[in-house]
Amino acid sequence: MSPSEGSPEAQRRVLDAIRDPWREYPAEVAEFGRVALDDRIKQVASGWTVPVITRVQTGSASRLIHILNSLQESIETKSNHWITLYLDPFADTTKNGDN
Amino acid sequence: MRNASRRTSDWLALARSGIGAGRGLRANQQFGRSADSRFYFAGYAAVHATRLQRGSEPPVRGNWSHDALAEHLRATLVARTRVHRDRANRHLIDIVSLYNLRIIADDGASETLDADAVEQALHACARPVSRAERMVRG
């Protein structure tokens, strides 16, 4: 993987990279109602941090962690970017997202 | 600025204290959320010890932000210690998992934080603490 520059173009490529694996796990994503907050993605060191919210909070915490880790690994493998998916406790959970 | 003068040994002491407290809390199932929170902060402190030991310069405020810590750790491990990327990625997953479990634990989210999640946090915390111990010992 190569370091990603922090330009808008690089951010767009990261957003594209996030969407495909996200769609490969529709059941898992639906299980917790996860949404990636596109407008708050930022570059950190040589990777990108992607804040995530969950709209469904009735499942198992360990399963949620497992799914997040699987999504992250899938995105990294397919995108050539380093990505960290983290739960954002301060986000507006009513926000709309398309991934 | 409170943490600006913390050294590697200070962070390592915090890591040991955190994992010890977490283990104590874990013994009582009612305190699973508190245990997860302690395990996260033990891992957080261990990563600081690791990064400082490897020559990374902390921000002026003295500690790296929670959401950025894992990526900084991965960069440090790959660039400064030549750890294989697969291993660096496993270290990153530990820290990210700890952080996400801590958010669930402390944010009052209603996901079930069962015994499996507490054990997962303990294991994800023990690895970075052990690694920091080894690095400091040299």
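Line order of the protein sequences matches chains Z and X.
Per my numbering, residue -7 is the first one in the first sequence, and the count goes up by one each step.
Per my numbering, residue 33 is the first one in the second sequence, and the count goes up by one each step.
Yeah, the Cβ is synthetic: ideal placement off N, Cα and C, and Gly gets one too.
This structure is a prediction, so every number in the text was calculated from the model and none was measured.
For residue i, which of the options has the nearest alpha-carbon?
i, options, result
"Z/Y17", "Z/V48, Z/G51, Z/I67", "Z/I67"
"X/I127", "X/A153, X/G170, X/E89", "X/A153"
"X/M167", "X/G140, X/T82, X/H98, X/A158", "X/T82"
"Z/W40", "Z/P81, Z/A2, Z/F24, Z/D12", "Z/A2"
"X/D139", "Z/I45, Z/Q64, Z/L63", "Z/I45"
Could you have a look at residue i and say whether DSSP puts it in helix, strand or coil?
i, result
"Z/S62", "helix"
"X/Q62", "helix"
"Z/V48", "coil"
"X/S41", "helix"
"Z/E1", "helix"
"X/H98", "coil"
"X/V150", "helix"
"X/H116", "coil"
"Z/P18", "helix"
"X/F73", "helix"
Please confirm if residue i has its CB atom under 8 Å from at least one CB of chain X.
i, result
"Z/Q3", "no"
"Z/S(-4)", "At Z/S(-4) the pLDDT is 44, less than 50, meaning the model places this residue with poor confidence and gives no usable figure here."
"Z/T41", "yes"
"Z/W74", "yes"
"Z/A53", "yes"
"Z/N88", "At Z/N88 the pLDDT is 48, less than 50, meaning the model places this residue with poor confidence; the figure from the coordinates comes in the next sentence. Cβ-Cβ to chain X under 8 Å: no for Z/N88."
"Z/A37", "yes"
"Z/I67", "no"
"Z/P0", "no"
Assign residue i to buried or exposed, taking buried as 16 or more other Cβ atoms, counted over all protein chains shown, within 10 Å of its Cβ.
i, result
"Z/V48", "exposed"
"X/E89", "exposed"
"Z/P28", "The amino acid occupying residue 28 of chain Z in the given sequence is Ala; Pro does not appear at that position. So Z/A28 ends up on the buried side."
"X/H116", "exposed"
Considering only DSSP beta bridges, list what residue i is partnered with.
i, result
"Z/W40", "Z/Q35, Z/I75"
"Z/V27", "Z/I45"
"X/T144", "Z/S52"
Taking Cβ positions only, does residue i come closer than 8 Å to chain Z?
i, result
"X/E103", "yes"
"X/E165", "no"
"X/S142", "yes"
"X/R70", "no"
"X/Q152", "yes"
"X/D148", "yes"
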